[in-house]
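Notes follow the structure.
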Amino acid sequence: MNSYIIIGGLLLWIASLIGVGSWQNDAGHTAERVVWQAKDNQELTAANAEILSLEEAARAAQQQHIQSLADIATQFEKEKQDAQIKANTRLAQYRAGAFRLRDPSAVSARTCGNQTGQIATSTGGSDGGSPGELSGSASEFLLGLTGEADEVVRQLSACQAVVIEDRKE
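Numbering-wise (the numbering used here), the sequence shown opens with residue 2 and increments by one.
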């Protein structure tokens with residue numbers, strides 16, 4: 002046989018081995034890449050589902066928080082209106098003479114001094130002034146001041162409720 006034919010056959014055989022090896026290598030890489038991509042897609046799908054559930058949970062918690070704050074504000078406004086009605090009623094009752102404000106220390110100061118022979122006369126009812134009774138303007142001022150103090154207490158209570166609600170998260 003001719004040596005050129007043998008060398009040509011040998012080169013053809015080597016070229017076919019290289020071609021088949023290259024084809025198998027590419028096919029192996031492609032198959033491995035498909036496996037990796039499928040695995041990555043599954044992980045990505047699971048991560049997206051978890052992100053979606055966490056976002057929904059966060060939205061639900063946020064809505065609950067917003068509703069709690071709205072409830073606190075509604076309660077505060079209701080208490081504020083009720084207190085204003087109560088303060089107005091109290092002032093109207095005072096002006097109508099339903100009650101009087103007195104200073105107990107002023108009553109005891111008058112009776113404990115060296116008062117010789119002074120006789121206090123009173124009508125026995127609500128017509129006359131009694132010892133230690135505050136003036137009308139002082140009484141109205143004190144009634145207004147108690148209303149303002151109650152308002153401050155309500156505001157602080159509402160603030161505390163908001164802080165407690167904010168710290169729940």
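C-beta: ideal position from N, C-alpha, C; glycine also. Predicted, not measured: the structure shown is a model, and the values here were computed from it.
May I have the straight-line CA-CA distance separating F77 from V153, to the nearest angstrom? Taking the sequence shown and counting its residues from 1, one reaches residue 77 at position 76. Taking the sequence shown and counting its residues from 1, one reaches residue 153 at position 152. Rounded to the nearest angstrom, the two C-alpha atoms are 11 Å apart.
Coarse secondary structure for R101, derived from DSSP in three states: Within the sequence shown, the letter at position 100 stands for residue 101. R101 falls in the coil class under three-state DSSP.
For R101, which residues of its own chain have a beta-carbon under 6 Å away from its beta-carbon, when the five flanking residues on both sides are left out? Along the sequence shown, one-based indexing puts residue 101 at 100. Excluding positions up to five away in sequence, the list reads E134.
Neighbourhood of A139 by C-beta distance below 8 Å, restricted to the same chain and skipping five residues each side: Position 138 of the sequence shown holds residue 139. Closer than 8 Å at the Cβ level, and outside the excluded window around A139, lie L102.
Just the C-alpha distance for V36 and N3, rounded to the nearest angstrom, thanks. Locating residue 36 in the sequence shown gives position 35, counting from the first residue. Locating residue 3 in the sequence shown gives position 2, counting from the first residue. So the alpha carbons of these two residues sit roughly 49 Å apart.
contact_flag[the segment 88-97, the segment 156-169] where n(CB pairs < 8 Å) is 3 or more: no
What first and last residue would you give for the alpha helix (DSSP H) that runs through E57? Reading the sequence shown from its first residue, position 56 is the one you call residue 57. It spans 4-96 - the alpha helix (DSSP H) in which E57 sits, taken as one unbroken run.
With DSSP collapsed to three states, give me the class of E166. Here residue 166 refers to the residue found at position 165 when the sequence shown is read from its first residue. The answer is helix: DSSP assigns E166 an H, G or I state.
Cβ pair A58, R155 closer than 8 Å: By one-based count along the sequence shown, residue 58 stands at place 57. By one-based count along the sequence shown, residue 155 stands at place 154. Not in contact: A58 and R155 (Cβ atoms no closer than 8 Å).
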